[in-house]
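A.B. asks: Let me give you the structure first, and then I'll get to my questions.
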Amino acid sequence: MTVTIGVVLVSSFGCTPTPDTPVTLILRDWEDDLSPEILAAFTTETGIQVSNVPYTAQEEAVAELRAGQVCDVLVLESQLIPALITGGLLAEIDYAQIPNYKYISANFRDMAFDPGNAHSVPYSWGTTGLVVRTDLVEAPISRWSDLWDARYAGKLMGWNLHRYMIGLTLKSMGYSLNSQSPDELEVALLRLVELKPRISLVDWEAAVSAPYLVNGDVIIAVGQADDALVGRQTNPAITYVMPEEGAILWGDNFVIPAASPHKAEAEQFINFLLRPEISAQIMNETYYWLPNDEALKLIDPELRANPEIFPPLERLKNAEILLPLNSRGEALYADVWERFLAAD
Amino acid sequence: MQSSSSHPAPPTHQMTYSLRRRLMLVLDAVMTLIVLVVGFSVGAIVYNIERDAWRNRQREAATSAARAVETFLSGIQSHLDLVGILDRVYLSTHSEDLEALLQQNDALLEIVRANANGDVFAGAYRDSPVLANLFTVPQSTWFLQARRGMPYFGKVQISADDTPYLIMAVPTPEGDVVAARLRIDLLWDIIAGVQFGQTGHAYVVNLEGEIIAHPDREIVLDYTRIRLRPEMQAALEAPNNEWYGAYTNFAGQDVVGSTVALARGEWIIFTEIASAEASVTAVRAIIAIGGGILLISIMLSITINYLMKSLIFDKLRILQDGAAQIGSGDLDHRIAVPQRNEIGQLAAAFNEMAIQLKERETELARARDEAVEASNFKSRLLANVSHDLRTPLNAMMGYTEILREGVHGTLSETQLRISERVMVNAKRLLNMINSLLDQAQIEAGKLKLRFQPFSPHELLVESQTIMQFAAEAKGLDFMLEIDDDLPEMLMGDVQRLQQIIINLVDNAVKFTQEGSVQIRLFQAAPTYWAIAVSDSGPGVPPEAQQYIFEPFRQLDGSITREQRGVGLGLSIVKQLAQMMGGAVDLQSKIGKGSTFIVKLPLILPYEDTHD
């Protein structure tokens, strides 16, 4: 009898956290994405703590995940997800725990990178195009090809992301954003190398280009709608342009690593964020477009009317999403990027 | 032999096991075995029959459900195919045709056609242009799969207003894609309509194990998945996805289920019926038949028990009791088992035996009475005859004495001697007659002792006077001894004590050729005194020590041989001693002589105790 009591006592002090021990979810996201207020609201409601361990680049987070780092919720772009799915690194989502999924727009359900959304829940979407100082340009900027306009050499900014830079080059030549044709890539490399001395590449950050646009060092930058929004707070001439060849459509998704010890709490967190009021709040704060049909009705009406953040349908129809490459394609792109970086 | 009027209860011997109980146990065991075997056999047979019947019924229901679903889907697909066949240009300019098509099937919420680039160029809708407004068509799974040439069935999607829908897409001959949004609740109605028996129902599952349709809407709305469940695995592995088995389903119910694949191969239909219902007939059969057999066997058991009891064991009991009764002495008892069977025969034999015993007893009683009669007669005869014998003898002795006293003239020497011999022999004869009389009296129980105070010392002196002459005549020393601690006066029958001493001394003198004869009186114990007569004769052999005390027995075992005397001396001593409350003991060794010790209770005269 005493042995039984002893065993029960010992096991209750054991490793697995009991309901009394507060659970802390480890979130991996961009630095200034989800505001602390939102995280605090979740904690108040459920008692579950959320701790953001930010990354500077999503590839870095993926590498760390593969290396065995444990986290509970990860924000990743769509094209990074298929490899993780085939690698068995992502948990299957139990939608019985995420009934708010019903608010997700039909546009973002059941997409090729994750059929049936078995392993990912759409978080935010957006387009990448050009952010322009309209008061400093000679003529209206409307195409990716405008980057190659010699008049703006040295006043260009791009991202240190190979898929985006190679992709926009392909787009500017009328090819597919996700082309894996060695010929097309060769041509793209040549064109990109042309751009190299004229453009400065930076690591991506939210609204990273805004300050440079504001002080005029940069006239045309590769960027997103929020770059323009932030910049416009200082200089009203900064606008976001969706290139005619087709903007780059990107999407960030929530995934739960298979190794997460708090899968149920992670799903609870995701469900919380999908709540229309919460999603609306996130949209109001980050100027990102969360594909939550109900939340769209609740956001700041001025924001809702902003065509940079919520572009019209026709403009979206030729936007192309970054799709994952096969291994041969990955190698091709890596090679292209290497040669681009090595070139002078 | 003692015979009392109330017979004691017959002794009951402990039975180590009861025959009756054993028989009953065996009988019950066999009955139980029969019930179990028959019950289970019947149950098993009925169960299997029922199972097969349900299996067929289920397969029918599943097949008909599959057909209904397929009809539902093929109806939709035919519409989609039609849209796919129509010319592109025509379609994009004649949207009213699409409208009309939409109205023909209630399940269609929207229908669109997109070109290979993912541009939707034609469409019609009932609620809202969801598919038409998609800008992510080129990235959508339905578009990409259909464009590859494979028809696509989506999983159930739930929209913001909780309406469930499903996207279906088919390729067109020209490489386009026609897609439709379907109202899935119509499919749910079809599935909910599949009922058989009381608990039979069906549900649809896609190959990922996601439940597409179920009579309970909530189960689908909860995104219930059964992919990892054993029944799903079995259905996936079975050829044609056709499987049948008993299991516990995802809702925790014990069911018997069967699966059928849709001809299109995308969905699997489960039909289930509660296990309890699937075996209800078997259970009833087991209960009915088993119960019936149980009842019959109980009745049979009771009947056999009753018959055995009344025909065998009760009679056996009567036999048992009766035999015990007779055995304990009641020979008049008759065992009342009148049946003309084995037990009856046994009882009759017992009764016969009792009769025999009774006769024997009567005979023995008669023989005993005769013996007693004879003995009494003998005693009486002895007493009478002895008396008659004594009278003339006394007369002879009297007259001889007169002669010897010289009353009628002095006798010569020779005459004196002759007359002395006459006297001696007469006395001897008298002694013998007296002994016979004493023996008869003692045997008849007529001898009476007269207790009076006497002096042991005087007793001894008297004995000496009587016996000394005889002893010395044979040349034997005659010694007398009396212990000091012997009281001066005792109670006793002096005459009989004298007789004892005389008999013993007479015996001693008779059998001793040389040596001595000694009489000793002493206190043997606090309450006993003794007369010990010892001789230095040849001794008495051990085997003779028993019978010399018997009447008419002499030392050599013969009866009244040529030795003097009648052989009663020692017997009278013994009987007198016993009558006085004492006993006689003989200590003798061959060649060493004999000592007869008569132990008698030491009774002090009344006056002496109050000194």
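Those protein sequence lines, which keep their order, are chains A and B. As numbered in this note's numbering, residues 688 to 1031 make up the first sequence, in order. As numbered in this note's numbering, residues 0 to 610 make up the second sequence, in order. Each residue gets a CB set at the ideal place from its N, CA and C atoms; glycine is no exception. Note that the structure is predicted; figures quoted are calculated from it, not measured.
1. Name the two residues that bound the continuous beta strand (DSSP E) containing residue 167 (chain B).
2. Would you please verify whether the beta carbon of residue 950 (chain A) is less than 8 Å from any beta carbon of chain B?
3. Could you tell me which whole alpha helix (DSSP H) segments of length 4 or greater appear in the segment 458–528 of chain B?
4. When you compare only the Cα positions, how much space is there between residue 212 (chain B) and residue 194 (chain B)?
5. Cβ closer than 8 Å: which chain A residues qualify as neighbours of residue 141 (chain B)?
6. Grab me the residues of residue 453 (chain B)'s own chain with a C-beta within less than 8 Å of its C-beta, minus the 5 sequence neighbours each way, in chain order.
7. Exposed or buried, which one is residue 337 (chain B) when buried takes at least 16 other CB atoms within 10 Å?
8. Between residue 1000 (chain A) and chain B, is the shortest Cβ-Cβ distance under 8 Å, so that the two count as touching?
9. Whole angstroms is fine: what's the gap from residue 340 (chain B)'s alpha carbon to residue 333 (chain B)'s?
10. Does the segment 762–782 of chain A come close enough to the segment 959–973 of chain A to have 3 or more Cβ pairs within less than 8 Å?
11. So what's residue 559 (chain B) in DSSP terms, helix, strand or just coil?
12. Using only alpha-carbon positions, find the residue among A:794, A:909, A:874, A:812 that is nearest to residue 829 (chain A).
13. So residue 418 (chain B) is in the alpha helix (DSSP H); what residue range does that whole segment cover?
14. Can you list, in chain order, the residues of its chain with a C-beta nearer than 6 Å to that of residue 322 (chain B)? Leave out the 5 residues immediately preceding and following it.
15. In the DSSP assignment, find the alpha helix (DSSP H) that holds residue 808 (chain A) and state where it starts and stops.
16. Check whether chain A comes within 8 Å of residue 222 (chain B), counting only Cβ atoms and requiring the distance to be less than that.
17. Scan the segment 145–160 of chain B for residues whose Cβ lies nearer than 8 Å to a Cβ of chain A and list them as they occur along the chain.
18. For the putative contact between residue 1002 (chain A) and residue 929 (chain A), defined by C-beta atoms under 8 Å, what is the C-beta separation to the nearest angstrom?
19. Thinking C-beta only, is residue 38 (chain B) closer than 8 Å to residue 621 (chain B)?
20. From the beta carbon of residue 118 (chain B), is the nearest beta carbon of chain A less than 8 Å away?
21. With a threshold of 16 other CB atoms inside 10 Å of the CB of residue 251 (chain B), please say whether the residue is buried or exposed.
22. Since I believe residue 214 (chain B) is in contact with residue 191 (chain B) (beta carbons under 8 Å), could you give me their beta-carbon distance rounded to a whole number of angstroms?
23. Helix, strand or coil: how does DSSP classify residue 446 (chain B) here?
24. Please say whether residue 842 (chain A) and residue 785 (chain A) have beta carbons closer to each other than 8 Å?
25. So, are the CB atoms of residue 258 (chain B) and residue 269 (chain B) less than 8 Å apart?
26. Report yes or no: do three or more beta-carbon pairs, one from the segment 780–797 of chain A and one from the segment 819–834 of chain A, lie closer than 8 Å?
27. Once the 5 residues before and after residue 763 (chain A) are set aside, which same chain residues still bring their CB inside 8 Å of it?
28. Can you find a CB in chain C that lies within less than 8 Å of the CB of residue 902 (chain A)?
29. Buried or exposed: which applies to residue 988 (chain A), given that a residue is buried once 16 or more other Cβ atoms fall within 10 Å of its Cβ?
30. Just how far apart, CA to CA, sit residue 923 (chain A) and residue 134 (chain B)?
31. Please classify residue 975 (chain A) as buried or exposed, where buried requires at least 16 neighbouring CB atoms within 10 angstroms.
32. Entirely within the segment 919–986 of chain A and at least 4 residues each: give me those alpha helix (DSSP H) ranges in chain order.
33. What is the DSSP secondary structure of residue 701 (chain A), reduced to helix, strand or coil?
34. I'd like the span of the beta strand (DSSP E) that includes residue 614 (chain B), first residue to last.
35. Under a three-way DSSP split, which group does residue 600 (chain B) fall into?
36. Indicate the three-state DSSP secondary structure (helix, strand or coil) for residue 852 (chain A) in the structure shown.
C.D. replies: So, from the listed chains and residues:
1. 163–170
2. no
3. 493–510
4. 14 Å
5. 797
6. 488, 489, 490, 491, 493, 496
7. exposed
8. yes
9. 17 Å
10. no
11. Per-residue confidence for residue 559 (chain B) stands at a pLDDT of 47, beneath the threshold of 50, marking its modelled position as unreliable; no derived number is given.
12. A:909
13. 412–443
14. 349
15. Looking at the DSSP string, residue 808 (chain A) is not in any alpha helix (DSSP H); the run it does join, the beta strand (DSSP E), is 807–820.
16. yes
17. 153, 154, 156, 157, 158, 159
18. 5 Å
19. There is simply no residue 621 (chain B) to check, as chain B begins at 0 and stops at 610 in what is shown.
20. yes
21. exposed
22. 4 Å
23. coil
24. no
25. yes
26. no
27. 745, 748, 749, 771, 807, 939, 940, 942
28. Chain labels in this structure do not include chain C; the protein chains are A and B.
29. exposed
30. 30 Å
31. buried
32. 950–960, 963–973, 980–983
33. Residue confidence for residue 701 (chain A) is low, a pLDDT of 45 falling below 50, so the modelled location carries little weight and cannot support an answer.
34. Shown here, chain B extends from 0 to 610; a query on residue 614 (chain B) therefore has no answer.
35. strand
36. helix
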